[in-house]
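Colleague: Sharing a structure here in structure tokens format.
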Amino acid sequence: MNKSIFRPLVLASGLLLTSSFLFAQDDLVNSLKNNHSANSTSGFKFTDVINLENTSVKNQGSSGTCWSYSTNSFLESEMIRMGKEPVALSQIFSARNAYVEKGRNYVRMHGAVSLGDGGALHDVINMYRKYGAIPQVNYTGLNYGTTINKFGEMGAITTGILEAVVKNPNKTLTPNWEKAYTAAIDAYLGQVPEKFDYKGKSYTPQTFAKQVVGINPDDYVELSSFNDHPYYTKFTLLVPDNWSFDQVYNVKVNDITDIIDNALKKGYSVAWATDVSEKSFSYKNGVAYVPAKPYDEMTAQEKETMFNGPKPEMEITEANRQEAFDNYQTTDDHGMHIVGLAKDQDGKEYYIVKNSWGVTNDYKGYLYVTKNYVKYKTTAFLLNKGGIPAATRKSLGI
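Heads up: the sequence shown is residues -24 to -1, 1 to 374, going by mature numbering (1 follows the signal peptide of the UniProt record, and there is no 0).
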């Protein structure tokens, strides 16, 4: 999912080595630079309806780790919801462990699985369950002089190692390939401390997760909505960055926003995986919606003023949502964190979304995203099962 989710290229090497090298996070951000209108903030007047407490906006830098930034931000908000003092968790600790597991999967699958530094929301929960957690101050991943993540060289080297393993020059794999692969990751990100001190007490990653973070990974579920699978059952999410072949719960398209609304009203935030490579997604202006008129049919004036105030939207159905996914118009580009609900001056509701690209846009790192955009472009979302309406939980068997 970012590259965290990054847009996959369906050419030649297809979805295998695509994620971070053929369409990197930097390219994704750069592709959005013209998606804005002048004076957008004067055209929108947002009023908060729900604004859940969350930690400061971070910057994932030149890395495809939005899946880890967004879901760790979500876990920090879960700590707040539970009455705990939030800890800035190490996003790179989650990512590092996922890269180790992804490498194992890549070799077992003879190279026929996605690689790169992208991932999925559930990866953070899975890595938390297996490896625990570490404060960001104790594991920054900045191990060679940079002040922000810069993963290109590491990705190229670790990919080369795995490709060599899969080609198997010895005809039989040695037990040393995984040591070599992990050592390369740790050379760039730093070795994980077996023990560390936090606020005067010593922890391991496992004891820190249990005693300080305190979440139960079994309390979290991931959902999506596709009409080619039975509703209210589980299915394998077919996006490139689901390298672990995790299954998600399938709900109807209107359930997406019904569940998110219910969660927010009950104090639960939501981790969100989505497509942001739309002309109607403006990081600069901090607004995303689904225009009623297709972009290619807009006049030059309409294009220039796309973000100068509220606009009519296309109706979202199960059919057009599925069609967009099947046609690669909806891809697993990015992961963010839904932390609230707002209304514009016309009464239309938008989700307040926390991003991980720093604080350089009009809303200091946050965006206002319409419910129709979320219905149309969501690839998956993850939340505490306590945030799901009781009737929906019963239908899902949760």
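Yeah, the Cβ is synthetic: ideal placement off N, Cα and C, and Gly gets one too.
The structure displayed is predicted, hence computed values, not measured ones.
When you compare each of A71, V63, D24 to residue 376 by their alpha carbons, which one comes out closest?
Modeller: Any property of residue 376 remains undetermined from this structure, which presents the chain solely from -24 to 374.
Colleague: Please report the straight-line C-alpha distance between F184 and L65, rounded to a whole angstrom.
Modeller: 11 Å
Colleague: For G117, which residues of its own chain have a beta-carbon under 6 Å away from its beta-carbon, when the five flanking residues on both sides are left out?
Modeller: I68, L165
Colleague: Buried or exposed: which applies to H86, given that a residue is buried once 16 or more other Cβ atoms fall within 10 Å of its Cβ?
Modeller: Classification for H86: exposed.
Colleague: Could you name each continuous beta strand (DSSP E) segment of 3 residues or more that falls completely within the region 313 to 365, going from the start of the chain to the end?
Modeller: 325 to 330, 342 to 346, 354 to 360
Colleague: Using 8 Å for Cβ pairs, my map puts Y208 next to L372. What's the rounded Cβ distance?
Modeller: 5 Å
Colleague: Using the rule of at least 16 other Cβ atoms within 10 Å of the residue's Cβ for burial, across every protein chain shown, is M282 buried or exposed?
Modeller: buried
Colleague: Find the nearest neighbour of residue 375 within the set P111, A159, A140, judged by alpha-carbon distance.
Modeller: Since the first residue shown for the chain is -24 and the last is 374, residue 375 is missing from the structure and cannot be characterised.
Colleague: Tell me which residues share the same chain as N30 and place their Cβ nearer than 8 Å to its Cβ, disregarding the 5 neighbours each side in the sequence.
Modeller: S49, E52, S53, I56, S245, H313, V315, K330
Colleague: Can you check which of these residues, P181, L28, V227, is closest to P364 by C-alpha distance?
Modeller: The displayed chain sequence assigns Ile, not Pro, to residue 364. Looking at the Cα atoms, V227 is the closest of the given residues.
Colleague: If Y104 sits next to I161, beta carbons under 8 Å apart, how far is it from one beta carbon to the other, in whole angstroms?
Modeller: Not confirmed; about 18 Å, so no contact.
Colleague: Can you tell me where the beta strand (DSSP E) with T212 in it begins and where it stops?
Modeller: 210 to 212
Colleague: Just verifying my parser: in three-state terms, what is the DSSP assignment at Y104?
Modeller: helix
Colleague: When DSSP builds the beta bridges, which residues end up paired with V197?
Modeller: L359
Colleague: Tell me, which residues are paired with A247 by DSSP?
Modeller: A247 is bridged to H313, L358.
Colleague: Note the first and the last residue of the continuous beta strand (DSSP E) segment covering residue 380.
Modeller: The question about residue 380 has no answer, for the chain in this structure spans -24 to 374.
Colleague: My understanding is that F357 touches W248, with C-beta atoms under 8 Å, so please give their C-beta distance in whole angstroms.
Modeller: 5 Å
Colleague: Could you give the distance in angstroms between the alpha-carbon of V252 and the alpha-carbon of L8?
Modeller: 9 Å
Colleague: Hey, would you say G92 sits closer than 8 Å to G136, going by beta carbons?
Modeller: Taking 8 Å as the Cβ cut-off, G92 and G136 do not qualify as a contacting pair.
Colleague: By DSSP, does V224 sit in helix, in strand, or in coil?
Modeller: strand
Colleague: With respect to the beta strand (DSSP E) encompassing N27, which residues constitute its N-terminal and C-terminal limits?
Modeller: 23 to 27
Colleague: Please determine if the region 5 to 23 and the region 291 to 305 are in contact, where contact requires at least 3 C-beta pairs separated by less than 8 Å.
Modeller: No: fewer than three Cβ pairs fall under 8 Å.
Colleague: Where does the unbroken alpha helix (DSSP H) through Y75 begin, and where does it stop?
Modeller: 67 to 84 is the extent of the alpha helix (DSSP H) around Y75.
Colleague: Assess contact between the region 266 to 286 and the region 216 to 225, defined as three or more Cβ pairs (one per stretch) separated by less than 8 Å. Is contact present?
Modeller: no
Colleague: Between the Cα of L97 and those of S44, N114, K126, spot the shortest distance and give me the residue it belongs to.
Modeller: S44
Colleague: In chain order, what residues of the same chain have a beta carbon less than 6 Å from the beta carbon of N144, not counting five sequence neighbours either side?
Modeller: none
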